[in-house]
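Participant: Supplied in structure tokens, the structure appears directly below.
Protein chains in written order, with my numbering: chain A, 1 to 417; chain B, 1 to 831.
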């Protein structure tokens, strides 16, 4: 009995070899779409599956595909493999160990929007992975699954990998496009959205690696099968990157709707040293810090429930667990320092706000703050909110405001008496 | 007419074209939304977030699509939860914008506080202090106190040279990107870039020489802080210490409007001096920009070697004399019987000077000669650019043909405006013997061999020949409006005459004249060549002979002897030479009488630009003791000869011009001072919107009508091409081209441009150099018309293979194509 839909390498050894992948129903879905399905039908099937974007926003994938206008060509597809959110390491495992399923997903998406060129945009640190994927793309070309007139049809597709230069912001889709075009990685104004005006000004579909990896089995087994997992509004399975103060950190592929409690204590083996859990962050560094009380722990990890119950979006489902030993002021100084380091500098509030918050938290960690500096930190964070060009600036404030509000005592300990 | 939409901004009802950005709609209504990264001449980017305002949209029922009404019957407006950027959001019907609410004010204050956390606040020593957008907006909207710990400020390098002309202060930079975008989007010199990210973001240049752009100075105007300054103005003066005087740039035929900032200062010995030149808005001419030659090339004014006293030749030597004595000497000469007078006038004289010179010349039946190697001023007066033409209005439906001109070098602002017209959809055809910076924006690029200029235009008229010619001919003939811009690339007077006739014929046959945005435009090499033609001066194909045969030559604003040894020889044979000059030129040295004249900026006058816009300039600096205006001297000589020439004021001379000169009927000084409605609405008081350029309070000038505009009968003469004579000559054919930074008299004193001056070389193709066994960097001896000159050699694969190029006014006496003998100089072996 196979346990995995996405992390199939855990069931099937050497699935990163094309012959093994093919022997395990690999490329059946792609062959089906290019040979027997209309692009619109592929999109419809994905729409019906209820698959939502796994990059963090949770936008319905099929609907996103439908945004590409049919009066502007060519279309491009980009796999966002810039996975840079602290605490997120799911795409990496997929690409390292189950590359063909990801690539097949990318090929299906490309066919659905009739793109003849697709890119895999990888964060700069993934250079080994890029070389590895290049080999796998080559295997697919040799086997006739990529290139001109694939499998005797009229459809042609080329996939290229592209390495970023090590900037977190390039995971933001418009900054990614700038970087892919060879420019400085800074987000563009939206609208227009990439679906209308994307790479080189052409309609462009950008999907996360995990999102794409879902596609082969959705096509092969159908939308209804996929909907048998997960919740009504968040169908399917999700890879939860679990990290922090847990006994068994790692990637867990589970149906959406699994609770924090189950993920952390049943799958993750509980808290290290049997410490008391203090808080959770659900979307890496870009998260609210949520007090891990019973209400929180009973929250099902699905897009709608996280938002409704604990007002903290599921995001990329990178669960960072924080126990009673963690100093929230230290945590905030770490996240703020990360955002200060990664702010692209294009818009004022993010560039200056992250820098300011970073200096304030640095003083706190050196125990040279005054009590009013805690309020100042919170005030600067609030002053950044709602004014930035892209989401990075907004994200930089989430941990700050929630941690100060919910764990003020941790900050008070750093105040000079 | 674009669809209009009506919206409400702060209780004001505003109606503007659909698509207008909120910030511009507000500005039209007199409501100022502060900005830093926005500029009305560039695409918005929404980076600085200074323009955040509350934006409400009329609410529609999701099901019916009907507007939702309030209880009182008004449309319900739903405001976005977040503030929106006014510089990126287009207005829509029924929108409501609130710019002064608590939320908007808080947003502004927040952004200013953020910017100031990393700003050095060194206003007391900053060149921008007093005209700084950040300073002004902080005073208006900023927090009085910073909550940022001062010691945490990041320190960066100051006075970083981006090349030798522009300095960058990294601490002051607020990363608005205006300079980078200006260089990329507006002037297509992408030599500035952002480097790094976050607070480490910095402006860098990667060109060699640094910041290699002829428009670089404009970035110092649009920089909203003191991050970019010209080396010229660095620590030179405070803005509030300087007065402003409007003027017109005298470096080319575009006639850019500018302001000179002047100050009386101790370090200049108590004299009033020019501290800098700034653009003055004229959306019909230079918009908000200046090229660096216009901005930085004013230092000649302070050159020490000015002539201050009339000089008279006595015992073979020029000695200072009184004005009376000098006048008397000239009067005596002119009163001699049957004197053959030639008046040779240069294109930097004003209309008033030229008119008076012409009156004097005519009274003696003299020959009025224009010192120029370009023909066609009679044709531009008849079928030139129609009254009401404006490059800004050109786009789709207009075909622009640029022939024999490297517009980027000859008239930078026209290059910019033609480029932008092409980007708006005008059909651009560029015909030249070599590649130029305009090719990139052209729909059709046509190549010919030097000498084939007129033939090329005739081929376009026939629509026959090579494929690209037929396509270009078709594109040109199918437009709604058409204009031809002709220059002097590789041409002498003969070639120019052939070319302009062909151009005129093409325009007439296609009907492109006598209406706005149609007609003929000459890229004259001096500011007032058109005015000189209009006042009755014409170039002379046999200037050498004319000078040689003259009994008396009056030479004003021209240095034939300095430019060309052949003309110097001719002048030696002229009996009596009268020179009107600022400097002791080679020609002045040969003169019998020298009259010292005032510089353009010391006097009033008018120029007629290439677009035939008459523009007035005022006295900028008090004139130095001694010299007079050319028009005055000419008038006083005229009076001695019994004429009623006007010597009191150029204003009064213009009143005579408008009586006598066709096309100038409507020109008076007061009409020239009329302002016009211009967009964008700029103001020094709120320089954050469009930079520190000046609003135009002094008048935009008047474009005069052409004969065709007035419906007069045209007398274009025969427009039939004369086959050029086969030249029988040996050696290398050298053709003259125009370089922006040449070694002209007016530009050399500007030391800041010294490194950018065009090298003194023969530019040739590697194939040609190989034939003569020359290498890049070699020195050669050039024999041209009996003279020997030493020159360098520079190789350039863009140059045609059979000719060498030489820049005019760059130390090589060449004004038309010529064959030369060359000999490689072997460097002396080092001891």
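Even for Gly, the Cβ is constructed at its ideal location relative to N, Cα and C.
#1: What is the DSSP secondary structure of residue 352 (chain B), counted as helix, strand or coil?
#2: Assuming residue 673 (chain B) and residue 616 (chain B) form a contact by the criterion Cβ under 8 Å, report the distance between their Cβ atoms to the nearest whole angstrom.
#3: Helix, strand or coil for residue 244 (chain B) per DSSP?
#4: Assuming residue 411 (chain B) contacts residue 253 (chain B) under a Cβ cut-off of 8 Å, what Cβ separation, rounded to an integer in Å, is found between them?
#5: Please confirm whether residue 421 (chain A) has its beta-carbon closer than 8 Å to some beta-carbon of chain B.
#6: With a 10 Å radius around its C-beta and 16 neighbouring C-beta atoms as the bar for buried, classify residue 1 (chain A) as buried or exposed.
#7: Going by DSSP, which residues form a beta bridge with residue 764 (chain B)?
#8: Within the continuous alpha helix (DSSP H) that includes residue 664 (chain B), where are the two ends?
#9: Does the CB of residue 51 (chain A) have a neighbour CB from chain B at under 8 Å?
#10: Are the C-beta of residue 33 (chain B) and some C-beta of chain A separated by less than 8 Å?
#11: Closest to residue 29 (chain B) by CA distance: which of B:97, B:75, B:634, B:36 is it?
#12: Starting from the beta carbon of residue 46 (chain B), find every residue of chain A whose beta carbon is closer than 7 Å, and list them in chain order.
#13: With DSSP collapsed to three states, give me the class of residue 174 (chain B).
#14: Let me check one thing: in DSSP terms, what residues is residue 735 (chain B) bridge-paired to?
#15: Residues in the same chain with beta-carbon distance under 6 Å from residue 58 (chain A), minus the five sequence neighbours each way, listed in chain order, please.
#16: Strictly below 7 Å CB to CB, what residues from chain B border residue 353 (chain A)?
#17: Could you name the residues of the same chain whose beta carbon sits closer than 6 Å to that of residue 70 (chain B), not counting the 5 residues immediately before and after it, in chain order?
#18: Straight-line CA distance for residue 281 (chain B) to residue 158 (chain B)?
#19: So residue 192 (chain B) is in the beta strand (DSSP E); what residue range does that whole segment cover?
#20: By the 10 Å Cβ neighbour count, where 16 or more other Cβ atoms means buried, how is residue 199 (chain A) classified, buried or exposed?
#21: Considering only residues of the same chain and omitting the five flanking positions on each side of residue 912 (chain B), which have a CB-CB separation below 6 Å?
#22: Which residues does DSSP list as the beta-bridge partners of residue 617 (chain B)?
#23: Since residue 383 (chain A) meets chain B, which of its residues come closer than 7 Å, beta carbon to beta carbon?
#24: Give me whichever residues DSSP pairs with residue 308 (chain B) in a beta bridge.
#25: From what residue to what residue does the alpha helix (DSSP H) around residue 218 (chain A) run?
#26: Write down every uninterrupted run of the alpha helix (DSSP H) in the segment 2-34 of chain A whose length is 4 residues or greater and which is fully enclosed by it, in chain order.
#27: According to DSSP, simplified to helix, strand and coil, what is residue 288 (chain B)?
#28: Can you grab the Cα-Cα spacing for the pair residue 847 (chain B) / residue 234 (chain B), in whole Å?
#29: Any idea if residue 365 (chain B) is buried or exposed, counting beta-carbon neighbours within 10 angstroms, 16 or more meaning buried?
#30: For residue 25 (chain B) and residue 16 (chain B), which I take to be in contact (beta-carbon distance under 8 Å), what is that distance rounded to the nearest angstrom?
#31: Here's the rule: buried if 16 or more other CB atoms are within 10 angstroms of the residue's CB, otherwise exposed. What is residue 234 (chain A)?
#32: Just tell me which of B:822, B:609, B:244 has its CA closest to the CA of residue 286 (chain B).
#33: Name the two residues that bound the continuous alpha helix (DSSP H) containing residue 328 (chain A).
#34: Please identify the residue among B:680, B:544, B:172 whose C-alpha is closest to the C-alpha of residue 283 (chain B).
#35: Since residue 88 (chain B) meets chain A, which of its residues come closer than 9 Å, beta carbon to beta carbon?
#36: Around the Cβ of residue 36 (chain A), are there at least 16 other Cβ atoms within 10 angstroms (buried) or fewer (exposed)?
Facilitator: A quick look at the data gives this:
#1: Here the question's residue 352 (chain B) lines up with position 352 in the second chain. The answer is helix: DSSP assigns residue 352 (chain B) an H, G or I state.
#2: Stepping through the second chain from its first residue, residue 673 (chain B) is reached at position 673. Stepping through the second chain from its first residue, residue 616 (chain B) is reached at position 616. Residue 673 (chain B) to residue 616 (chain B), Cβ: 7 Å. Contact.
#3: Reading the second chain from its first residue, position 244 is the one you call residue 244 (chain B). Residue 244 (chain B): strand per DSSP, three-state reduction.
#4: As a working mapping, residue 411 (chain B) is identified with position 411 in the second chain. As a working mapping, residue 253 (chain B) is identified with position 253 in the second chain. Separation of the CB atoms of residue 411 (chain B) and residue 253 (chain B) is rounded to 6 Å, and the pair is thereby assigned contact status at 8 Å.
#5: There is simply no residue 421 (chain A) to check, as chain A begins at 1 and stops at 417 in what is shown.
#6: Locating residue 1 (chain A) in the first chain gives position 1, counting from the first residue. Bear in mind that the predicted position of residue 1 (chain A) carries a pLDDT of just 47, short of 50, making it unreliable; the figure below should be weighed with that in mind. By the neighbour-count rule (16 or more Cβ atoms within 10 Å), residue 1 (chain A) is not buried but exposed.
#7: As a first step, residue 764 (chain B) is located in the second chain; it is residue number 764 there, counting from the start. According to DSSP, which records beta bridges pairwise, residue 764 (chain B) is partnered with B:795, B:804.
#8: Reading the second chain from its first residue, position 664 is the one you call residue 664 (chain B). From DSSP, residue 664 (chain B) is part of no alpha helix (DSSP H); its letter is neither H nor E.
#9: Working through the first chain from its first residue, we reach residue 51 (chain A) at position 51. Residue 51 (chain A) does not count as touching chain B.
#10: In the second chain, the residue the question calls residue 33 (chain B) occupies position 33. With 8 Å as the cut-off, residue 33 (chain B) does not count as an interface residue toward chain A.
#11: Walking along the second chain from the start, residue 29 (chain B) turns up at place 29. Out of B:97, B:75, B:634, B:36, B:97 has the C-alpha closest to the C-alpha of residue 29 (chain B).
#12: Sequence index remark: in the second chain, residue 46 (chain B) carries index 46 (1-based). Here the neighbours are 189, 389.
#13: Stepping through the second chain from its first residue, residue 174 (chain B) is reached at position 174. Looking at residue 174 (chain B) - three-state DSSP - the assignment turns out to be coil, as it is neither helix nor strand.
#14: For the purposes of this step, residue 735 (chain B) is identified with residue 735 of the second chain, where counting begins at 1. B:805.
#15: To locate residue 58 (chain A), count along the first chain from 1; it is residue 58. 52, 303, listed in sequence order.
#16: Counting from one through the first chain, the residue named residue 353 (chain A) turns up at place 353. Near residue 353 (chain A) (Cβ distances below 7 Å), the residues of chain B are 114.
#17: Along the second chain, read from residue 1 onward, the residue named residue 70 (chain B) stands at position 70. Answer for residue 70 (chain B): 76, listed in chain order.
#18: Position 281 of the second chain, counting from 1, holds the residue named residue 281 (chain B). Position 158 of the second chain, counting from 1, holds the residue named residue 158 (chain B). When rounded, the distance between both Cα atoms is 31 Å.
#19: On the second chain, position 192 is the one that residue 192 (chain B) refers to. Taken as a continuous stretch (DSSP letters only), the beta strand (DSSP E) holding residue 192 (chain B) covers 192-195.
#20: Residue numbering aside, residue 199 (chain A) sits at position 199 when the first chain is read from its first letter. The residue is buried, with at least 16 neighbouring Cβ atoms inside 10 Å.
#21: It is not possible to answer for residue 912 (chain B), since the shown part of chain B is limited to 1 through 831.
#22: Numbered from 1 along the second chain, position 617 holds the residue referred to as residue 617 (chain B). The partner list for residue 617 (chain B) (beta bridge, DSSP) reads B:605.
#23: Reading the first chain from its first residue, position 383 is the one you call residue 383 (chain A). Within chain B, the residues near residue 383 (chain A) are 110.
#24: Position 308 of the second chain holds residue 308 (chain B). DSSP lists no partner for residue 308 (chain B).
#25: Reading the first chain from its first residue, position 218 is the one you call residue 218 (chain A). Bounds of the alpha helix (DSSP H) holding residue 218 (chain A) are 209-221.
#26: 18-23
#27: Taking the first residue of the second chain as 1, we reach residue 288 (chain B) at position 288. It is coil, neither helix nor strand.
#28: Past the edges of chain B, shown from 1 to 831, lies residue 847 (chain B), and the structure says nothing about it.
#29: Along the second chain, one-based indexing puts residue 365 (chain B) at 365. Flag for residue 365 (chain B) reads exposed.
#30: Position 25 of the second chain holds residue 25 (chain B). Position 16 of the second chain holds residue 16 (chain B). So it is a contact: roughly 5 Å between Cβ atoms.
#31: For this step, residue 234 (chain A) is matched to residue 234 along the first chain. Buried, by the Cβ-count rule.
#32: Walking along the second chain from the start, residue 286 (chain B) turns up at place 286. Taking only the C-alpha atoms, the option nearest residue 286 (chain B) is B:609.
#33: Locating residue 328 (chain A) in the first chain gives position 328, counting from the first residue. That run of the alpha helix (DSSP H) goes 328-342.
#34: Along the second chain, read from residue 1 onward, the residue named residue 283 (chain B) stands at position 283. Of the listed residues, the one whose Cα sits closest to residue 283 (chain B) is B:680.
#35: Along the second chain, read from residue 1 onward, the residue named residue 88 (chain B) stands at position 88. Those are 189, listed as they occur along chain A.
#36: Reading the first chain from its first residue, position 36 is the one you call residue 36 (chain A). Label assigned to residue 36 (chain A): exposed.
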